[in-house]
Amino acid sequence: MVRYRLAQLLKGVCGSLFVAVLLLLGVVLLRTYTFNAGEELFPDSWEKREQLPVELTQQEKAELKENLKAAIRIPTVSFTPTELNTTAMEEFTKLIRKAFPSVFSSSLVQHEIIAGYSHLFTVQGSDPSLQPYILCAHLDVVPANEDEWEAPPFSAQEIDGYIYGRGTIDDKQSVMGILTALEFLLRRGYKPHRPFYIGIGHDEEVLGYNGAKNIAAKLESRGVTLSFLLDEGMAILDGVIQGLKKPIAIVGASEKGSATLTLGVKGESGHSSMPPKETSIGILSAAVSRLEENLMPSKFGEGPERGTFEQLASQFVFPLNVIMTNLWLFSSLVSRVLEKGATTNAIVRTTTAVTMFNAGVKCNVIPSYAEAVVNFRIHPAQTVQEVLRLAKDIIADERIQIHVNVSFDPLPISSYGADSFGYQIIKKTMQESFPQIPVVPGMCIGNTDTRHYLKLTSSLYRFVPIWFKPGDQTRIHGKNERISITNYEEIVGFYFLLIQNADIGKLPSPHTNLHEL
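In terms of my numbering, the sequence shown is numbered consecutively and its last residue is 1224.
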């Protein structure tokens, strides 16, 4: 009798579990095929304005290519905030004056040099009541070691349809692309409806405290507020995220913070023939190893990355499309998968990178001091103080002296909804330039100097339509930085359209999918 009742109980439990699994499966599948990530703006509902088409002549294509090459050949390197190649930066000013005669001669454009080497262009609009926006870029580049480059880094050599050189990706293509687009528009008689600015910094690679910061301060002193800001940061990813059916464009709606720490240890010095039990190098090495072995916690779903994958859900192959439309159930699984790749791991957490290690002066002398530099790129769901506390807990050694060199919190997440003017203008421009490529919001895992503009706008976006294939990310600040000539023409066309698209007075009303579960 007891066995019978137990069997009946187990049968009932199993039956209930089976029903629960079926219900769960039903919810998952229903959500997969009815899920909608948000409101959309229909193309036909946009304000109609006459536009100049992106039709570049062969002469213009040759001109834009040669101007970019000339820009790449100028070594506008920033080493530190106080060590810049200012001679090259002065030469760059001469170049853009020569390359863009319509920009510098137009009565609609005012040009100012800021902090010696940065540039602020004010472009008048026919309707001054419309809130202006700003297009940003930077002319400085990081140093380049010629070793292992296929072409010298400041040669702008053309190989198989690509221009090689420091700044082709980061970020002279933006500088020259924006100014080229404006130059070609002005030549065609274009007169902007909405006023806008172009801000070109000269020290972004060393945090922008003289360039972007002073450009922003100049605008603030004039009482300017901005509708939105568009800077470099994210790109078109082709094959970078596995499982996607097609390339995607990610617009950076947020940006990681950063904290750079110096870890130092004082120990006993002496002759290597009589070493102490622990040396300064050994103590510091153990601490650094603990930081590398104990990663910061996953924050997947707590930043804009959730919106990225939800809006891309329909673009994934089966069964990834099922997983991405049901992150409420599978977020932990997705996080674990993303953690396996260096690029995707940076999406889900604050990253830890040991970038410098210094100790010792001679092979037979035990050094009394050792130090290492560690850089954290902080996820938007965390703060500098939280990361410092976690780092101290992981190091767990009072002998390690910790000094904070530079730190700043992640930037707020900018709106990317249907009522977000800047985001929707960028998205519309991309849809017109690259109709087959989905556009989604995301997080910029690198740092830009957009933080200096926070007092002027809360709508900060980071995107240039540069194509990235697997492995291309290592070219940024690395060897063989390059851009295809075709892609650079696309970038010019993108800005050419974006400036015109931003002329509308307001966004259309959004459409909501009423079948969203």
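Yeah, the Cβ is synthetic: ideal placement off N, Cα and C, and Gly gets one too.
inquiry  = To the nearest angstrom, how far is the alpha carbon of Leu937 from that of Asn1208?
reply    = 14 Å
message = Using only CA atoms, which one of Tyr871, Tyr869, Thr800 lies nearest to His845?
response = Thr800
task = To the nearest angstrom, report how far apart Leu842 and Leu775 are at their CA atoms.
result = 18 Å
query = What residue from Glu857, Glu754, Val882, Glu757 has the CA that sits closest to Ala778's CA?
reply = Val882
Reference Thr829; option with closest CA among Lys925, Lys755, Asp910, Phe1083 = Lys925
ask   = Do the region 1029-1043 and the region 1071-1080 make contact, defined as three or more Cβ pairs closer than 8 Å?
value = no
inquiry  = Using a Cβ-Cβ cutoff of less than 6 Å, which residues in the same chain neighbour Arg895 once the five nearest sequence positions on both sides are dropped?
reply    = Leu759
message = Can you tell me whether Pro850 is buried or exposed? The criterion is at least 16 other CB atoms within 10 Å of its CB, across all chains shown.
response = exposed
key: Cβ neighbours of Leu893 in the same chain (closer than 6 Å, five flanking residues each side left out)   = Ser809, Ser813
query = Can you name, in chain order, every residue of its own chain whose Cβ lies under 6 Å from the Cβ of Met1137, other than the five neighbours on each side?
reply = Ala956, Val1146
task = Per DSSP, which residues does Met941 bridge with? Please list them.
result = Phe1170
request  = Apply the 10 Å Cβ neighbour rule to Ala866 and answer buried if 16 or more other Cβ atoms are within range, or exposed otherwise.
outcome  = It should be noted that the sequence gives Ile, not Ala, for residue 866. Classification for Ile866: exposed.
ask   = By the 10 Å Cβ neighbour count, where 16 or more other Cβ atoms means buried, how is Val1111 classified, buried or exposed?
value = exposed
request  = Give the DSSP-derived three-state secondary structure of Tyr1195 in the structure shown.
outcome  = helix
query = Would you call Cys1151 buried or exposed, if buried means 16 or more other Cβ atoms sit within 10 Å of its Cβ?
reply = buried
query = Which of helix, strand or coil does DSSP assign to Val931?
reply = coil
request  = Pull up the distance between the alpha-carbon of Ser785 and that of Gly915, whole angstroms please.
outcome  = 10 Å
message = Taking its Cβ as the centre, do 16 or more other Cβ atoms sit within 10 Å of Ala1103, making it buried, or is it exposed?
response = exposed
Residue environment, Ala1060, which counts as buried when at least 16 other CB atoms sit within 10 Å = exposed
ask   = Under 8 Å, do Val761 and Phe1203 count as touching if we go by C-beta distance?
value = yes
inquiry  = So, with DSSP's three-state summary, where would you put Ser1235?
reply    = Nothing about residue 1235 can be read from this structure; the chain reaches only from 708 to 1224.
key: Supposed contact pair Glu962 and Asp878 - C-beta distance, whole angstroms, cut 8 Å   = That belief does not hold up - the Cβ atoms of Asp878 and Glu962 are roughly 15 Å apart, past 8 Å.
inquiry  = I'd like to check one pair, Leu1167 with Ser1114: are the Cβ atoms closer than 8 Å?
reply    = no
message = Can you list, in chain order, the residues of its chain with a C-beta nearer than 6 Å to that of Thr1051? Leave out the 5 residues immediately preceding and following it.
response = Leu1045
task = Determine, using beta carbons only, whether Pro1087 and Tyr1123 come nearer to each other than 8 Å.
result = no
inquiry  = Taking 8 Å as the threshold (C-beta atoms), are Phe1175 and Ala942 in contact?
reply    = yes
query = Looking at C-alpha atoms only, which residue of Thr986, Pro835, Glu1105, Ala863 is the closest neighbour of Tyr904?
reply = Pro835
ask   = Nearest-angstrom Cα distance between Ile1030 and Met1003?
value = 24 Å
request  = Taking only the alpha-carbon atoms, compute the straight-line gap between Ser1234 and Lys952 and give it to the nearest angstrom.
outcome  = For the chain, the structure presents residues 708 to 1224; residue 1234 sits outside this window and is missing.
message = Going by C-alpha to C-alpha distance, which of Lys1213, Gly1067, Gly971 sits closest to Tyr1130?
response = Lys1213
task = Could you have a look at Thr1090 and say whether DSSP puts it in helix, strand or coil?
result = coil
ask   = Excluding the five sequence neighbours on either side, which residues of its own chain have a C-beta within less than 7 Å of the C-beta of Lys898, listed in chain order?
value = Leu815, Ser833
ask   = Roughly how many angstroms separate the alpha carbons of His826 and Ala994, rounded to a whole number?
value = 44 Å
ask   = Identify the residues that DSSP records as bridge partners of Asn1065: which are they?
value = Glu1078
task = Below 8 Å on the Cβ atoms is my guess for Ile948 versus Gly1067; work out the distance and round it to an integer in Å.
result = With 8 Å as the limit, Ile948 and Gly1067 do not qualify as a contact, their Cβ atoms being about 43 Å apart.
query = Per DSSP, Val1041 forms a beta bridge with which residues?
reply = Paired residues: none, contrary to the question.
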